[in-house]
Amino acid sequence: MNRKTTTYTIALIATLCLLCGLGGVVTGTDATQQQPETPEEFLTTFQDLEGTESFETHNEFEVMRSQAVQDVQVGEFTDAKAQRLDLLLELLRTFDEAYQYQQNESYDRALALGNDSRELTAELREIPQGEQYAVLADIALDRFYEQTGQTLLSRAEGIENTPQRLDVLGQAALSYNKASATERYGQIVLRADRTTQQFETDVETINGTDTAVTGFLDTCTDCDDVASLISGQHVAVFGMYADSLSALSAGEEGVGLAEKHGLTERESQLTGAREQAQEYNQNLAMAGVAIVLGYSAVVGLIAALVTWRLMLWKRDLTDAQYGDVILMGEMLNA
Numbered sequence: 576m577n578r579k580t581t582t583y584t585i586a587l588i589a590t591l592c593l594l595c596g597l598g599g600v601v602t603g604t605d606a607t608q609q610q611p612e613t614p615e616e617f618l619t620t621f622q623d624l625e626g627t628e629s630f631e632t633h634n635e636f637e638v639m640r641s642q643a644v645q646d647v648q649v650g651e652f653t654d655a656k657a658q659r660l661d662l663l664l665e666l667l668r669t670f671d672e673a674y675q676y677q678q679n680e681s682y683d684r685a686l687a688l689g690n691d692s693r694e695l696t697a698e699l700r701e702i703p704q705g706e707q708y709a710v711l712a713d714i715a716l717d718r719f720y721e722q723t724g725q726t727l728l729s730r731a732e733g734i735e736n737t738p739q740r741l742d743v744l745g746q747a748a749l750s751y752n753k754a755s756a757t758e759r760y761g762q763i764v765l766r767a768d769r770t771t772q773q774f775e776t777d778v779e780t781i782n783g784t785d786t787a788v789t790g791f792l793d794t795c796t797d798c799d800d801v802a803s804l805i806s807g808q809h810v811a812v813f814g815m816y817a818d819s820l821s822a823l824s825a826g827e828e829g830v831g832l833a834e835k836h837g838l839t840e841r842e843s844q845l846t847g848a849r850e851q852a853q854e855y856n857q858n859l860a861m862a863g864v865a866i867v868l869g870y871s872a873v874v875g876l877i878a879a880l881v882t883w884r885l886m887l888w889k890r891d892l893t894d895a896q897y898g899d900v901i902l903m904g905e906m907l908n909a
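Number 675 in our numbering belongs to position 100 of the sequence shown; there are no gaps in the numbering.
Right, dumping it as structure tokens:
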């Protein structure tokens, strides 16, 4: 009889299906193993669970196992007792599997099985004499969820990729919520919300810088060759150089934000665009210098010609003035 009634979200179902398809991830409970039916079979089954690592770590389950051993042997073995022990055994096995997945860092699966354990505990509480087991199970499950939350929170601290870190923070928040640690849950949710808002803002900025850099690269005609810039763009080079500085600034900002959020692919793409913009910037600078030098040479030549003509004019003027003086002297002496 399947007592598991947990409803999962579509995303969680997909994740769990993937995890279930990975053979040999953990040594959990075999879903096909037979359920005991007689008192002897129940006794042997519960005794065989002694020394289970998960029960030693969460000793409430070891207490439950020990009580089950006594429960089998004391009093009449009724259908109600069989139902209670059957449900308890399923709870013990399910929690052990959740613990194994937790230890192997398969937290999605561990939390899903933890949820199953919660529901089995709730079912156990509703049947006669099941409350004594349910109380202990709730204590252990609270600790299990809290420990999982602590582990996930520590794990999130070391994740550079912001979307991945937010996913792990979400798992940590869920764990603390399941552990009834409402204050810690609220803190993590607030942190995740702030991180999400900042991330979304930065992604918009990254997209804007990407547009600015690629827009410059697309419109920078002849920028891959200095000679082509000089012959094709002339004085327009100076405006294009100013545009290249803006593109470089945008590229630097975009690369920095992508690196901040661990967006490796975006960082690589923006770095490539920035490097090309840097190359274009250098070509524009050299073309600008060449054009300035060229115009300077032309202006210098014109200035030299003008100076030469002025000097000739001055010489002619001096000669003319000197001739006038001589003529005046001759007229006075006549």
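Glycine residues also receive a C-beta, built at the ideal position from the N, C-alpha and C atoms.
Quick caveat, the model's predicted, so the values are computed rather than measured.
Could you tell me the distance, in whole angstroms, from the CA atom of residue i to the CA atom of residue j?
{"i": "Val-830", "j": "Ala-787", "result": "13 Å"}
{"i": "Arg-700", "j": "Gly-626", "result": "25 Å"}
{"i": "Gln-844", "j": "Ala-833", "result": "10 Å"}
{"i": "Thr-846", "j": "Thr-757", "result": "43 Å"}
{"i": "Ser-692", "j": "Ala-673", "result": "8 Å"}
{"i": "Ser-806", "j": "Val-867", "result": "13 Å"}
{"i": "Ser-803", "j": "Gln-773", "result": "44 Å"}
{"i": "Asp-777", "j": "Glu-842", "result": "13 Å"}
{"i": "Asp-799", "j": "Arg-740", "result": "41 Å"}
{"i": "Tyr-760", "j": "Asn-752", "result": "6 Å"}
{"i": "Glu-694", "j": "Glu-680", "result": "23 Å"}
{"i": "Leu-765", "j": "Ile-734", "result": "18 Å"}
{"i": "Asn-858", "j": "Glu-775", "result": "36 Å"}
{"i": "Ala-748", "j": "Gln-853", "result": "44 Å"}
{"i": "Glu-616", "j": "Glu-721", "result": "35 Å"}
{"i": "Ile-624", "j": "Arg-684", "result": "Checking the displayed sequence, the identity of residue 624 turns out to be Leu instead of Ile. Taking the straight line from one Cα to the other gives about 22 Å."}
{"i": "Glu-840", "j": "Thr-784", "result": "15 Å"}
{"i": "Pro-703", "j": "Leu-618", "result": "20 Å"}
{"i": "Glu-698", "j": "Tyr-676", "result": "23 Å"}
{"i": "Gln-678", "j": "Ala-715", "result": "16 Å"}
{"i": "Asp-713", "j": "Thr-696", "result": "7 Å"}
{"i": "Ser-729", "j": "Phe-719", "result": "16 Å"}
{"i": "Asp-717", "j": "Glu-628", "result": "18 Å"}
{"i": "Ala-709", "j": "Leu-838", "result": "46 Å"}
{"i": "Trp-888", "j": "Ser-824", "result": "55 Å"}
{"i": "Gly-705", "j": "Arg-640", "result": "13 Å"}
{"i": "Asp-671", "j": "Ser-750", "result": "17 Å"}
{"i": "Val-812", "j": "Ala-822", "result": "15 Å"}
{"i": "Tyr-682", "j": "Thr-669", "result": "15 Å"}
{"i": "Ala-606", "j": "Asp-742", "result": "Legend: pLDDT at Ala-606 = 41, less than 50; position of this residue unreliable, no value from coordinates given."}
{"i": "Thr-590", "j": "Ala-860", "result": "For Thr-590, the predicted structure reports a pLDDT of 39, less than 50, and the residue's modelled location is therefore unreliable. The matter cannot be settled from this model."}
Measure the Cβ-Cβ separation of residue i and residue j and say whether it is below 9 Å.
{"i": "Ile-763", "j": "Gly-724", "result": "yes"}
{"i": "Ala-865", "j": "Val-801", "result": "yes"}
{"i": "Thr-770", "j": "Leu-744", "result": "yes"}
{"i": "Asp-661", "j": "Pro-611", "result": "yes"}
{"i": "Pro-738", "j": "His-836", "result": "yes"}
{"i": "Phe-636", "j": "Leu-711", "result": "yes"}
{"i": "Gln-707", "j": "Gln-658", "result": "no"}
{"i": "Ala-848", "j": "Gly-826", "result": "yes"}
{"i": "Thr-613", "j": "Leu-664", "result": "no"}
{"i": "Glu-828", "j": "Thr-780", "result": "yes"}
Can you find a heavy atom of the ligand ATP that lies under 8 Å from the Cβ of residue i?
{"i": "Leu-868", "result": "This structure simply doesn't include the ligand ATP, nor any ligand for that matter."}
Using the rule of at least 16 other Cβ atoms within 10 Å of the residue's Cβ for burial, across every protein chain shown, is residue i buried or exposed?
{"i": "Val-649", "result": "exposed"}
{"i": "Gln-808", "result": "buried"}
{"i": "Leu-667", "result": "buried"}
{"i": "Glu-651", "result": "exposed"}
{"i": "Ala-554", "result": "Here the chain covers residues 576 to 909 and nothing more, so residue 554 does not appear."}
{"i": "Asp-793", "result": "exposed"}
{"i": "Asn-690", "result": "buried"}
{"i": "Asn-736", "result": "exposed"}
{"i": "Gly-790", "result": "exposed"}
{"i": "Asp-768", "result": "exposed"}
{"i": "Leu-597", "result": "Any reading at Leu-597 needs caution, since the residue's pLDDT is 36, under 50, leaving its predicted position unreliable; the model's value is listed next. So Leu-597 counts as exposed."}
{"i": "Glu-732", "result": "exposed"}
{"i": "Gln-609", "result": "exposed"}
{"i": "Ala-754", "result": "buried"}
{"i": "Ala-817", "result": "exposed"}
{"i": "Thr-796", "result": "exposed"}
{"i": "Thr-653", "result": "exposed"}
Compute the beta-carbon to beta-carbon distance between residue i and residue j, rounded to the nearest angstrom, for a pair I have assumed lies under 8 Å.
{"i": "Gln-622", "j": "Val-644", "result": "6 Å"}
{"i": "Asn-856", "j": "Leu-820", "result": "7 Å"}
{"i": "Gln-746", "j": "Leu-688", "result": "Actually they do not touch by this definition, with Cβ atoms about 14 Å apart."}
Within 9 Å of any Cβ in chain D, is that where the Cβ of residue i sits?
{"i": "Thr-723", "result": "Absent from the structure is chain D; it holds one protein chain and no more."}
Q: Enumerate, from N- to C-terminal direction, the unbroken alpha helix (DSSP H) stretches of 4 or more residues contained entirely within the segment 724-770.
A: Runs of the alpha helix (DSSP H) inside the segment 724-770: 737-753.
Q | beta strand (DSSP E) runs contained entirely in the segment 796-840, provided each spans 3 or more residues | A | As for any beta strand (DSSP E) of minimum length 3 sitting wholly inside the segment 796-840, there is none.
(Q) Please give me, in chain order, every unbroken run of the alpha helix (DSSP H) with length at least 4 that falls completely inside the segment 627-675. (A) Whole alpha helix (DSSP H) segments, 4+ residues: 628-632 and 634-648.
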